[in-house]
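In short: position in the sequence shown from 1, add 217, done, that's this note's numbering.
Positions of the beta carbon are idealized from the N, C-alpha and C atoms, including for glycine.
Read the structure below first, then the notes.
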Amino acid sequence: MIDAPLTAVSFAPLAVALPIFGAALAFILRRHKRSQRLVTIGVLVFTLALESWMLATVWNGGTYSVTLGGWAPPFGISMVVDGFSAFMLVVSTIVSLAVLLYATSQGMADGDEDGPVSIFHPAYLILVAGVSNAFLAGDLFNLYVGFEILLTASYVLLTLGGTNARIRAGTTYVVVSVASSLLFLISIAMIYAAAGTVNMADLAVKLPQVSEGTQMVLHVMLLVAFGIKAAVFPLSFWLPDSYPTAPAPVTAVFAGLLTKVGVYAIIRTETLLFPGNKLSTLLMVAAGLTMLVGILGAVAQTDIKRMLSFTLTSHIGFLIFGVSLGNQLGMAATIYYVAHHIVVQTSLFLVVGLIERRGGTSNIDRLGSLAKISPVLALLFFIPAMNLGGIPPFSGFLGKLGLVQGGAEAGTPLAWTLIGVSLLTSLLTLLAVARVWNRAFWRKAEDATDPDPLLLVGVHGARGATYDIVADEPASRYSDRGDTALLPNGMVAMTAALVLVGLALTVFAGPIFEFSDRSASQIMDNGNYIEAVLGSTTEVSP
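See below:
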């Protein structure tokens with residue numbers, strides 16, 4: 218049964234089904250590397266085209282529900298498409314496609330075309346399917362299913378190569394993820410016991426009829442479960458030790474997408490199930506601590522991947538800050554900033570993958586002269602690094618400015634405190650990336666501590682060495698192809714493409730902010746969501 222007009226939105230389930238069927242076909246073709254690669258890329262291209270059509274359909278407003286299985290809401294599986302969910306789908310698939318092409322080029326350059334093992338492509342598509350399902354889910358159990366799909370795929374991707382460090386990090390990641398999923402599942406069971414439904418639109422109608430004490434317990438349980446997944450302090454301890462051990466493409470897509478799904482779930486539940494900012498003080502305190510603790514950890518790091526992992530955690534605090542404000546301006550800035558952060562954070566992790574290939578390491582103490590050796594690589598790092606630091610006129614500055622304005626509109630002492638914390642965090646972020654620039658790119662390689670042979674090879678103009686993405690260490694074989702072997706054109710092109718997407722968020726900030734404001738208005742007024750799913754006759758309880 219389809220409740221939406223016969224438009225692109227009617228095909229919303231294909232955003233989940235296509236990657237799943239593509240994963241099955243890619244697995245069948247695991248012995249045919251080229252065919253497997255073409256299937257994976259083709260599926261993501263087609264999925265992106267469909268999602269872009271969906272976004273165009275809801276660009277000027279509108280919320281649509283697609284119900285599967287012939288069961289009317291709230292009993293059937295509902296997928297809901299509005300401006301926010303469609304925008305997240307498009308941004309996440311753009312990033313996923315860029316990372317896939319990056320990984321494919323990396324695998325081909327290293328003589329391993331399936332980048333790095335045959336299971337990569339099926340697992341990657343399953344990850345995309347899980348992310349898409351979470352963004353479209355109209356009920357809590359389907360949201361849980363989306364989380365479990367993407368987490369199952371992430372377990373595989375995180376441990377590719379089977380090194381001790383990856384297995385150890387993967388174990389921590391699995392334990393934390395299972396604990397958060399178990400808490401989420403228990404929360405769903407308790408919500409069903411209290412309200413008799415798990416459909417989010419139906420819950421928006423029925424939860425206000427539940428006692429306030431029960432509502433608070435359910436509210437806190439969901440926040441804790443989603444806070445773990447979003448890496449909100451103090452539930453973020455697992456992230457800096459888990460992400461940096463994975464191959465560069467995997468780390469990049471994890472950093473860009475996985476925590477944002479948790480943030481998306483927080484936004485949906487805070488505005489739809491528990492409106493009214495009852496826990497705004499708790500969220501503001503968590504946002505401020507997430508910003509400060511994360512960025513202080515970043516400043517202390519010498520490994521670029523660990524530094525970026527801490528900045529990832531820190532900037533989740535900006536998103537939680539926007540949610541906690543409870544006003545339309547703060548929500549609009551959050552929607553814009555989440556797109557900015559997905560693109561820029563992913564870009565930087567892809568750049569680190571290139572730095573490892575060119576310099577042999579991601580430790581800034583062992584790097585130097587990269588600006589001289591590879592000016593293109595220097596430019597690819599500099600632009601998103603300044604964007605992350607919030608330098609005008611980049612999208613990072615515009616998003617933070619919107620959050621500051623939202624905080625000023627709220628006008629509470631705690632909101633003003635958070636504005637100060639966000640400004641301090643931005644300055645420390647700039648300090649962290651400037652430190653990387655000064656040591657890795659600007660200083661002479663001869664001044665580095667124990668510089669990697671790959672780096673000295675580049676400085677002295679000798680031939681380059683290839684790089685093994687599975688072992689994450691320089692291979693013993695050397696190539697006569699020079700710099701192309703170290704920085705394959707496909708990897709550089711995909712990194713540059715994402716950097717340009719980040720710049721596009723600046724160039725087209727006006728229309729994107731207008732769209733974000735419309736989407737924020739839809740989110741804050743949950744009547745549109747409820748009507749789209751349950752029908753116009755539904756009465757919403759105060």
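By how many angstroms is the C-alpha of Y361 removed from the C-alpha of P236? What you label residue 236 is simply residue 19 of the sequence shown in a count that begins at 1. What you label residue 361 is simply residue 144 of the sequence shown in a count that begins at 1. Rounded to the nearest whole angstrom, the CA to CA distance from P236 to Y361 is 18 Å.
Roughly how many angstroms lie between the CA atoms of I384 and A315, to the nearest whole one? Position 167 of the sequence shown holds residue 384. Position 98 of the sequence shown holds residue 315. Roughly 26 Å separates the two Cα atoms.
Starting from L509, trace the alpha helix (DSSP H) both ways and give me its first and last residue. For the purposes of this step, residue 509 is identified with residue 292 of the sequence shown, where counting begins at 1. Run containing L509: S497 to V516, per the alpha helix (DSSP H) assignment.
Consult DSSP for N745 and reduce its assignment to one of helix, strand or coil. Within the sequence shown, numbered from 1, the residue matching residue 745 stands at position 528. Helix.
What span of residues does the beta strand (DSSP E) with S295 cover, start to end? The sequence position of residue 295 within the sequence shown is 78, counting from 1. Where S295 is concerned, the enclosing beta strand (DSSP E) stretches over I294 to V298.
When the Cα atoms are used, what is the spatial distance from A651 to T388? Locating residue 651 in the sequence shown gives position 434, counting from the first residue. Locating residue 388 in the sequence shown gives position 171, counting from the first residue. In this structure, the CA atom of A651 is about 33 Å from the CA atom of T388.
Would you check if the distance between the CB atom of L672 and the CB atom of L571 is smaller than 9 Å? To locate residue 672, count along the sequence shown from 1; it is residue 455. To locate residue 571, count along the sequence shown from 1; it is residue 354. It is not a contact, given that the beta carbons lie outside the stated cut-off.
Let me know the alpha helix (DSSP H) ranges lying completely inside the stretch 238 to 319, each 4 residues or longer, listed in chain order. Within the stretch 238 to 319, the complete alpha helix (DSSP H) runs of at least 4 residues are 250 to 275.
Distance, M711 Cα to F725 Cα: Taking the first residue of the sequence shown as position 1, residue 725 is located at position 508. Taking the first residue of the sequence shown as position 1, residue 711 is located at position 494. CA-to-CA, the gap between F725 and M711 works out to about 21 Å.
Residues near L536 by beta carbon distance below 7 Å, same chain, minus five either side: Here residue 536 refers to the residue found at position 319 when the sequence shown is read from its first residue. If you ignore the 5 residues before and after L536, its C-beta comes within less than 7 Å of the C-beta of V480, T551, Y554 and V555, all in its own chain and listed in chain order.
Beta-carbon proximity of L367 to G347, cut-off 9 Å: Translated into the one-based positions of the sequence shown, residue 367 becomes position 150. Translated into the one-based positions of the sequence shown, residue 347 becomes position 130. A contact, by the Cβ cut-off of 9 Å.
DSSP state of A354 mapped onto helix, strand, coil: Reading the sequence shown from its first residue, position 137 is the one you call residue 354. If DSSP states are grouped into helix, strand and coil, A354 belongs with the strands.
Taking D299 and V275 to be in contact with their CB atoms under 8 Å, please state how far apart those CB atoms are, rounded to whole angstroms. Reading the sequence shown from its first residue, position 82 is the one you call residue 299. Reading the sequence shown from its first residue, position 58 is the one you call residue 275. Contact between D299 and V275 holds: CB atoms are separated by about 6 Å, below the 8 Å threshold.
Kindly indicate which residue of V226, S227 and L255 has the alpha-carbon position closest to the one of A240. As a first step, residue 240 must be located in the sequence shown, where it is residue number 23. Considering only alpha carbons, the answer is L255.
Euclidean distance between Cα positions of L648 and H532: Numbered from 1 along the sequence shown, position 431 holds the residue referred to as residue 648. Numbered from 1 along the sequence shown, position 315 holds the residue referred to as residue 532. L648 and H532: Cα-Cα distance of roughly 15 Å.
The stretch 441 to 450 / the stretch 500 to 515 touching (three or more Cβ pairs under 8 Å): A contact between stretches requires three or more CB pairs, one per stretch, nearer than 8 Å, and the stretch 441 to 450 meets this requirement with the stretch 500 to 515.
Distance between beta carbons of V561 and L594, contact taken as under 8 Å: Position 377 of the sequence shown, counted from the start, is the residue given in the question as residue 594. Position 344 of the sequence shown, counted from the start, is the residue given in the question as residue 561. Between V561 and L594 the Cβ distance is about 17 Å, and since that is not below 8 Å, they are no contact.
Simplified DSSP state of D582, which is helix, strand or coil: Within the sequence shown, residue 582 is the residue found at index 365, counting from 1. Three-state DSSP puts D582 in a helix.
Can you list the alpha helix (DSSP H) stretches of 4 or more residues lying completely in the stretch 369 to 443, in chain order? With a minimum length of 4 residues, the continuous alpha helix (DSSP H) runs that stay inside the stretch 369 to 443 are 381 to 412 and 417 to 423.
Taking the straight line between their C-alpha atoms, what separation do you get for I740 and L399? Working through the sequence shown from its first residue, we reach residue 740 at position 523. Working through the sequence shown from its first residue, we reach residue 399 at position 182. A direct Cα-to-Cα measurement between I740 and L399 gives close to 27 Å.
Neighbourhood of I311 by C-beta, 7 Å cutoff - its chain only, sequence neighbours within 5 removed: Counting from 1 along the sequence shown, the entry for residue 311 is found at position 94. Taking C-beta separations shorter than 7 Å and ignoring five residues to either side along the sequence, the partners of I311 in its chain run L265 and V718, following chain order.
What are the boundary residues of the alpha helix (DSSP H) that includes S591? One-based indexing of the sequence shown puts residue 591 at position 374. From DSSP, S591 is part of no alpha helix (DSSP H); its letter is neither H nor E.
By DSSP, does D520 sit in helix, in strand, or in coil? Position 303 of the sequence shown, counted from the first residue, corresponds to residue 520. Judged by DSSP in its simplified three-state form, D520 adopts strand.
With DSSP as the reference, label K446 as helix, strand or coil. Position 229 of the sequence shown, counting from 1, holds the residue named residue 446. Helix, per DSSP.
Quick one: grab the DSSP three-state call for D458. Working through the sequence shown from its first residue, we reach residue 458 at position 241. In the structure shown, D458 sits in a helix (DSSP, three-state: H, G or I).
Taking just the CA atoms, how far does T462 sit from R251? Along the sequence shown, one-based indexing puts residue 251 at 34. Along the sequence shown, one-based indexing puts residue 462 at 245. When only Cα atoms are considered, R251 and T462 end up about 27 Å apart.
Which class does L235 belong to by DSSP, given the choice of helix, strand or coil? As a working mapping, residue 235 is identified with position 18 in the sequence shown. Of the three classes helix, strand and coil, the one that applies to L235 here is helix, per DSSP.
Just how far apart, CA to CA, sit S639 and P630? Sequence index remark: in the sequence shown, residue 639 carries index 422 (1-based). Sequence index remark: in the sequence shown, residue 630 carries index 413 (1-based). Spanning the two alpha carbons is a distance of roughly 14 Å.
In whole angstroms, what is the alpha-carbon distance linking A749 and G613? Here residue 749 is taken as the residue at index 532 of the sequence shown, counted from 1. Here residue 613 is taken as the residue at index 396 of the sequence shown, counted from 1. Their backbone Cα atoms lie some 33 Å apart in a straight line.
Looking at C-alpha atoms only, which residue of M407, L353, A232 and G628 is the closest neighbour of T280? Along the sequence shown, read from residue 1 onward, the residue named residue 280 stands at position 63. Answer by Cα proximity: L353.
Measuring only the C-alpha atoms, how far is S526 from G473? Position 309 of the sequence shown holds residue 526. Position 256 of the sequence shown holds residue 473. Distance between the alpha carbons of S526 and G473 is about 11 Å.
Using a Cβ-Cβ cutoff of less than 8 Å, which residues in the same chain neighbour E365 once the five nearest sequence positions on both sides are dropped? Numbered from 1 along the sequence shown, position 148 holds the residue referred to as residue 365. Excluding the 5 residues flanking it on each side, E365 has same chain C-beta neighbours closer than 8 Å at G347 and S398, in chain order.
What's the gap between the Cα of A229 and the Cα of R656? Residue 229 sits at position 12 when you count from the first residue of the sequence shown. Residue 656 sits at position 439 when you count from the first residue of the sequence shown. Going from the Cα of A229 to the Cα of R656 covers about 47 Å.
Quick one: what does DSSP say P230 is sitting in, helix, strand or coil? Along the sequence shown, read from residue 1 onward, the residue named residue 230 stands at position 13. Reduced to three states, the DSSP call for P230 is coil.
So which of T578, G363 and L242 has the shortest CA-CA distance to F401? Working through the sequence shown from its first residue, we reach residue 401 at position 184. Ranking T578, G363 and L242 by Cα distance to F401 puts G363 first.
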